[in-house]
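Let me begin by presenting the structure, written as structure tokens, before commenting on it.
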Amino acid sequence: MRWPRALGLAFVALLIAAPFGLPAFAMTLLTELVILGLFAMSLDLMVGYTRLISFGHVAAYGLGAYASGYMLLNTSLPLPFVVILATLLTGVIAIGVGWVCTLATGVSFAMLTLAFAQLLYAIAFKWTSVTGGSDGLAGIPRRAGPMGLTLLTTKTGFYYFALACLIGSFLLCRKLVASPFGAVLRGIRENEAKTVSLGFNTRLYKIAVVAIAYALGGLAGALYAPFAGFANTELLFWLLSGQVLIMVIVGGSGTLIGPILGAAFFLLLEHQLSSVTEAWALFFGLIFIGFVLFAPEGIWGLATGWVKRREKPLAKVRLRD
Amino acid sequence: MTIRPRLTRRAVVAGTGAAVASPWVWTSARAQAGGMIKIGMPLALTGPLGSVGQQQKRGAELYAKLQNEKGGILGRKIELLIEDTVGNPATCVRKAQEMVERYDCRLLTGITLSSEALAIVPKLAEWNAIFISSDNGDGRLTAESFVPNFFRANTSGPMGARVVSLYVKQAKIKSFFALGLDYAWGHNSVQVFEDEMKRLKVNFIGKVFAPTGTKDYSTYITKIRQSGAEGVYLVLAGDDNNAFLAQAAQYQLASKMAMLTEQIELVALRAVGDASVGLIGSARYAFTIDTPANKEFVELWKAEHKTVPDTFEGEQWQCMKVFEAGITKAGGIEADKLRPALEDLTIESVKGKVLMRKCDHQGVQKGFAVKVVKKEGFDHPIPEVISTFPAEQTTPPCNKMTYED
Amino acid sequence: MSTLALLLTQVVNALSQSALLFFLGVGLTLIFGIMRIVNFAHGALYMLGAFVGYSLAHWAGTFWLALVLAPLIVGAVGAAFELGILRRLYRRDASAFLLVTFGLALVVTEAVRLIWGPDALQVPAPKLFSGVVFLLGEPFPAYRLFLVAAGAVMAIAIWQALERTRLGLLIRATSQNAEMVHALGIDVNLVRSGVFGIGCGLAALGGVLAAPLVTASHAMASTVIIDAFVIVIIGGMGSFAGSLIGALLVGFVQVFGNYYLPDFALAFMYLLMLLVLVVRPGGLLGKEA
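Chains as they are written, first to last, in the numbering used here: chain A, 1 to 321; chain B, 1001 to 1405; chain C, 2001 to 2289.
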């Protein structure tokens, strides 16, 4: 795995250098990609490492976004504290969500996560005094606060803040999946009954991974609200749950970096295609079908596969049957 | 499997990779000094509200085409930047930002949903851009969410509710029940209507709100019928409106009570056909409005599209005329010149005189009550204007979304 | 309206809504039972059914032809999709199906927009059922009574087909143990194509039947897919009787809930699902997962 690491480091270097070479809108887009990448990566902890498929991950994103939006509009807390608080809040609520959802497995688990997301959607719609109802929260500021963090509130500063959150979360997740905790998660993924028989209370592990994944999803949402300047019910809409799941799969689940690339791919493709043709959804759909048929391991699988083939040109290429 | 899939795989990678990484999104487009007048339109062209976005697109395109044939505005050609938002505020903000940052476009219109508009308006000052709404109904945009770079050329939601109330004053209906969509527009309009009814001493029996996307209205229809009211006031749009009208006709609701609605559009009349006949309501625009400018517009429209224009085609046309008059008066498109030029600007439009008043940038304009009728020469029912209300009566006080008298 | 008339009206309202929900859910659950895949394109095919139905009804001048032909056409589309694409994926995990059916949903939705345009289209109820029937003196749409009858007839027909016919036996056997059916020399792939086609056809049937109530519109695709999932999961994934019970529960809870507590309209279905799954994680009639 030396090649992927070198590739990853080069990629990070490019991201750090980006503000020096890219025009204004490219930076706007890149910031959104970083935030969405973090959101997709957080879901990968559940989908890729524990095989807990969620149809309601948007709950984390929306919670984070509303929490940070509300605090930025109604308190005088500076941006970084707001983001941390929103992340923690999402994580704490997720313990309850995880506790209920892990009563079930498989599709039932997925549908329970959806139920929670839809209930949050209904609450966001109805609790007008806090959430702004169907109008949502608008004009959310990036507040510097008293500690001279004005740098964070500029366009470039905010980009670096988001990037730091992404890289920090990535390193954290990588540590996590490489730890004994991660080994238990993989055990659950491969054979939960066996993991139970080895003496692990798998449900506790599942609740923990749900809480961590939601907290990081909440972090992404907490960044999105001050980035876009608004938070509304669309950030809790089920379609986005489906889309983020697609990002994870297209990018390559169980790789952490794959979903980040998947999110970038999804957003850029949608953005570019939709400005070329009104029928963009048609091509979008065909590309996903093409991915399933011809790139089963996702984008990261393609990239590493390509590198591996370059490394050992004489070795036989193994194909799945 | 053989080696073949790898070639196909390579094609997939190459194709999608090229699409995503193609350098043009990463570069900035060069602004042409003194060149085109760029007007950005982030529209819901696809998705549930695609029908409205397509109307706005057609309205703007016909205007741009005809005006460019005449040499444009101030001798500069008009270029429309049209992008699909699917009705999602996140996409709308991104597309609008691209128009501003990449294409140096500082004039915006379209923006189909109020939730999109509410996300956009706080950014207008930073972008140094002017946004003239052609369809956003949310009363807040000219009240608590008002910003100086926002203008509304169209009839707002509260104005529609007011027109229906003014009509009720003439018609002798003694009691009302209301059904609205459960979001800002529905609540705002029902509130305005309820207040009006209380002032008119009409018995307001009750109200119910249905979530958008409701498919089965049977329980709401039963509730309306159970209320025993003489009339029902409806604040519905799009597919919800179609579903309600189709189902209400099946329950023969109209034989029990008068049905008044806040918004009558051709697209809905086509979708539900005879089920809409007899419906009375306010029309933000109708091709049957009797003004010289509208007769001319309808003829131009027929020549281009072989059909008559719908609500948001007319509203978008009026909005483009506001742009034209403002830019001509300002002698340019820079926000700090255009804003004062637009304030207290009066134009002669398809709906008659429209004044962009200075205090909250609402277009002060007449209100039209229409009745849905069948007429020869049309394969669908059409709205016929039955009452026209003066602008002073239909427009709310400055920065308000409710009325005082 | 008397209390009794109100109650009766509401019960029939709920039954008619349940009938529509049943058509939506039963196809999804059949497909899941055999193929263990969640078909995300189900809503898009439901919509496709409504639009194909619109064109057929206009072309032939009768709703009935649309009701018969549209499900066959959409069913053929489904079967072709299974033959061309799904068939290659049975050894892959659930995420492949998720992605590929999501892709299909996008393609179908956009194709409908390109072919029929962005506006909603009128599909009138058939002449025979366009009037009203009086229930305790209150007018009630005859078409809704027809829906209730159609739902009941289809439920019995599908149940009998599953119990009594050879195809039904194969379907039940395949859903229990596909390998054994295969070992008996039966082409399991053929069963799969057939069931996927039938499931898609049932979605289209639901679309055609719903069209006189909601018009043929683009919102059909996105809003109904969640309803379908909820019904199926409440009843138990893959259980035919479960989809019927799920549809009835959701229909009654929504009709009565929205009447008495309209503020909770958005939440009823999900609260119901939450309750059911917490008590029985596999759904009411599902196997304990």
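For glycine and all other residues, C-beta sits at the position ideal for the given N, C-alpha and C.
Residue(s) in a DSSP beta bridge with isoleucine 1382 of chain B: Against the second sequence, residue 1382 of chain B aligns to sequence position 382. Looking at the DSSP assignment, isoleucine 1382 of chain B forms a beta bridge with B/Val1373.
Inter-residue Cα distance where the pair is alanine 2211 of chain C and leucine 2067 of chain C: Taking the third sequence and counting its residues from 1, the one referred to as residue 2211 of chain C is at position 211. Taking the third sequence and counting its residues from 1, the one referred to as residue 2067 of chain C is at position 67. Rounded to whole angstroms, alanine 2211 of chain C and leucine 2067 of chain C show a C-alpha spacing of 11 Å.
Simplified DSSP assignment, three categories, for glutamine 1362 of chain B: To locate residue 1362 of chain B, count along the second sequence from 1; it is residue 362. Strand at glutamine 1362 of chain B.
7 Å Cβ shell around leucine 267 of chain A - same chain, five flanking residues per side excluded: Along the first sequence, one-based indexing puts residue 267 of chain A at 267. Excluding its 5 nearest sequence neighbours in each direction, leucine 267 of chain A has C-beta neighbours in its own chain below 7 Å: Glu32, Leu33 and Leu36, listed in chain order.
Environment of alanine 17 of chain A [buried if 16+ CB atoms lie within 10 Å]: Start at 1 with the first residue of the first sequence, and residue 17 of chain A comes out as number 17. Burial check for alanine 17 of chain A: the Cβ neighbour count within 10 Å stays below 16, so the residue is exposed.
Contacting positions in the segment 1145-1161 of chain B - beta carbon closer than 8 Å to chain A: Correct list: Ser1145.
C-beta neighbour in chain C for leucine 15 of chain A, strict 7 Å: For the purposes of this step, residue 15 of chain A is taken as residue 15 along the first sequence, with counting starting at 1. Not an interface residue.
Cα-Cα separation, valine 317 of chain A to serine 2193 of chain C: As a position in the first sequence, residue 317 of chain A is number 317, starting the count at 1. As a position in the third sequence, residue 2193 of chain C is number 193, starting the count at 1. For valine 317 of chain A, the predicted model reports a pLDDT of 43, less than 50, meaning its position is unreliable; a value from the coordinates is still stated below. For valine 317 of chain A and serine 2193 of chain C, the gap between their C-alpha atoms comes out near 32 Å.
Check whether tyrosine 1220 of chain B and leucine 1179 of chain B have beta carbons under 7 Å apart: Walking along the second sequence from the start, residue 1220 of chain B turns up at place 220. Walking along the second sequence from the start, residue 1179 of chain B turns up at place 179. Taking 7 Å as the Cβ cut-off, tyrosine 1220 of chain B and leucine 1179 of chain B qualify as a contacting pair.
Where lysine 1207 of chain B falls, given that 16 or more other Cβ within 10 Å makes a residue buried: In the second sequence, the residue the question calls residue 1207 of chain B occupies position 207. It is buried - the Cβ of lysine 1207 of chain B has at least 16 other Cβ atoms within 10 Å.
is_contact[proline 1381 of chain B, chain C] using C-beta, thresh 7 Å: Here the question's residue 1381 of chain B lines up with position 381 in the second sequence. No - not a single Cβ of chain C is within 7 Å of the one on proline 1381 of chain B.
Selection from C/Leu2284, C/Pro2281, C/Leu2020 and C/Val2279 that minimises the alpha carbon distance to valine 2148 of chain C: Numbered from its first residue, the third sequence carries residue 2148 of chain C at position 148. Comparing Cα-Cα distances from valine 2148 of chain C to each of C/Leu2284, C/Pro2281, C/Leu2020 and C/Val2279, the minimum goes to C/Leu2020.
Coil, strand or helix - glycine 1110 of chain B by DSSP: If you number the second sequence from 1, residue 1110 of chain B lands on position 110. DSSP places glycine 1110 of chain B in coil when its eight states are reduced to three.
Closest Cα partner of phenylalanine 1378 of chain B within the set B/Asp1240, B/Gly1273 and B/Ile1073: Here residue 1378 of chain B refers to the residue found at position 378 when the second sequence is read from its first residue. Among B/Asp1240, B/Gly1273 and B/Ile1073, the Cα nearest to that of phenylalanine 1378 of chain B belongs to B/Gly1273.
Beta-ladder partner(s) of phenylalanine 2140 of chain C, from DSSP: Position 140 of the third sequence, counting from 1, holds the residue named residue 2140 of chain C. C/Val2133, per the DSSP bridge assignment.
Sequence-distant residues of the same chain with beta carbon closer than 6 Å to phenylalanine 200 of chain A, five excluded per side: Within the first sequence, the letter at position 200 stands for residue 200 of chain A. Around phenylalanine 200 of chain A: Val184.
Nearest residue (CA-CA) to glycine 48 of chain A, options A/Gly305, A/Val292, A/Thr304 and A/Val209: On the first sequence, position 48 is the one that residue 48 of chain A refers to. Measuring from the Cα of glycine 48 of chain A, the nearest candidate turns out to be A/Val209.
Chain C contacts from the segment 1058-1085 of chain B (Cβ-Cβ distance under 7 Å): Flagged: no residues at all.
Same chain only: Cβ atoms within 7 Å of isoleucine 140 of chain A, ignoring 5 sequence neighbours per side: Sequence index remark: in the first sequence, residue 140 of chain A carries index 140 (1-based). If we look at isoleucine 140 of chain A and ignore the five residues flanking it on each side, its Cβ neighbours are Gly69, Leu72, Leu73, Ala225, Pro226, Gly229, Phe230 and Ala231.
Beta-carbon proximity check, alanine 2221 of chain C vs methionine 2047 of chain C, cutoff 7 Å: Start at 1 with the first residue of the third sequence, and residue 2221 of chain C comes out as number 221. Start at 1 with the first residue of the third sequence, and residue 2047 of chain C comes out as number 47. It is a contact, given that the beta carbons lie within the stated cut-off.
Per-residue contacts from alanine 65 of chain A into chain B (C-beta, under 8 Å): Within the first sequence, the letter at position 65 stands for residue 65 of chain A. Chain-order list of chain B residues neighbouring alanine 65 of chain A: empty, with the shortest C-beta distance near 10 Å, by a criterion of under 8 Å.
Simplified DSSP state of lysine 1038 of chain B, which is helix, strand or coil: Taking the second sequence and counting its residues from 1, one reaches residue 1038 of chain B at position 38. Per DSSP, reduced to three states, the secondary structure at lysine 1038 of chain B is strand.
Candidates C/Gln2254, C/Val2074, C/Val2276 and C/Phe2268, of which the one nearest asparagine 2013 of chain C by Cα: Here residue 2013 of chain C refers to the residue found at position 13 of the third sequence. Nearest of C/Gln2254, C/Val2074, C/Val2276 and C/Phe2268 to asparagine 2013 of chain C, Cα basis: C/Gln2254.
Methionine 2180 of chain C classed as buried or exposed, judged by whether at least 16 other C-beta atoms fall within 10 angstroms: The sequence position of residue 2180 of chain C within the third sequence is 180, counting from 1. With fewer than 16 Cβ atoms within 10 Å of its Cβ, methionine 2180 of chain C is classed as exposed.
Neighbour flag for serine 2018 of chain C against chain B, beta carbons, 7 Å: Counting from one through the third sequence, the residue named residue 2018 of chain C turns up at place 18. No, no contact with chain B.
Interface flag, glutamate 190 of chain A vs chain B, CB-CB below 7 Å: Against the first sequence, residue 190 of chain A aligns to sequence position 190. Chain B contact via Cβ: absent.
Cross-chain neighbours of valine 2255 of chain C in chain D, by beta carbon under 8 Å: The chain labelled as chain D is not found among the protein chains of the depicted structure, namely A, B and C.
Glutamine 2176 of chain C classed as buried or exposed, judged by whether at least 16 other C-beta atoms fall within 10 angstroms: Here residue 2176 of chain C is taken as the residue at index 176 of the third sequence, counted from 1. Label assigned to glutamine 2176 of chain C: exposed.
Complete runs of the beta strand (DSSP E) confined to the segment 1181-1227 of chain B [at least 3 residues]: Listed in chain order, the complete beta strand (DSSP E) runs (minimum 3 residues) inside the segment 1181-1227 of chain B are 1203-1210.
Chain B within 7 Å of alanine 2057 of chain C, Cβ atoms only: Mapped onto the third sequence, residue 2057 of chain C falls at position 57. Residue-level contact check: alanine 2057 of chain C does not touch chain B, since none of the beta carbons of chain B fall below 7 Å from its beta carbon.
Residue environment, threonine 202 of chain A, which counts as buried when at least 16 other CB atoms sit within 10 Å: For this step, residue 202 of chain A is matched to residue 202 along the first sequence. Flag for threonine 202 of chain A reads buried.
Buried/exposed call for tryptophan 1185 of chain B, threshold 16 Cβ in 10 Å: Taking the first residue of the second sequence as position 1, residue 1185 of chain B is located at position 185. With 16 or more Cβ atoms within 10 Å of its Cβ, tryptophan 1185 of chain B is classed as buried.
Exposed unless 16 or more other CB atoms sit within 10 angstroms - verdict on cysteine 1359 of chain B: Working through the second sequence from its first residue, we reach residue 1359 of chain B at position 359. Exposure of cysteine 1359 of chain B is indicated by the presence of fewer than 16 other C-beta atoms within 10 angstroms of its C-beta.
Serine 2217 of chain C at chain B interface by Cβ criterion, 7 Å: Taking the first residue of the third sequence as position 1, residue 2217 of chain C is located at position 217. Contact of serine 2217 of chain C with chain B is assigned, a C-beta pair being separated by under 7 Å.
Cβ of threonine 28 of chain A within 7 Å of any chain B Cβ: Locating residue 28 of chain A in the first sequence gives position 28, where the first residue counts as 1. Interface residue (Cβ-Cβ distance to chain B less than 7 Å): threonine 28 of chain A is classified as such.
Closest by C-alpha distance to glycine 2242 of chain C, when choosing among C/Phe2023, C/Gly2201 and C/Leu2056: Translated into the one-based positions of the third sequence, residue 2242 of chain C becomes position 242. Of the listed residues, the one whose Cα sits closest to glycine 2242 of chain C is C/Phe2023.
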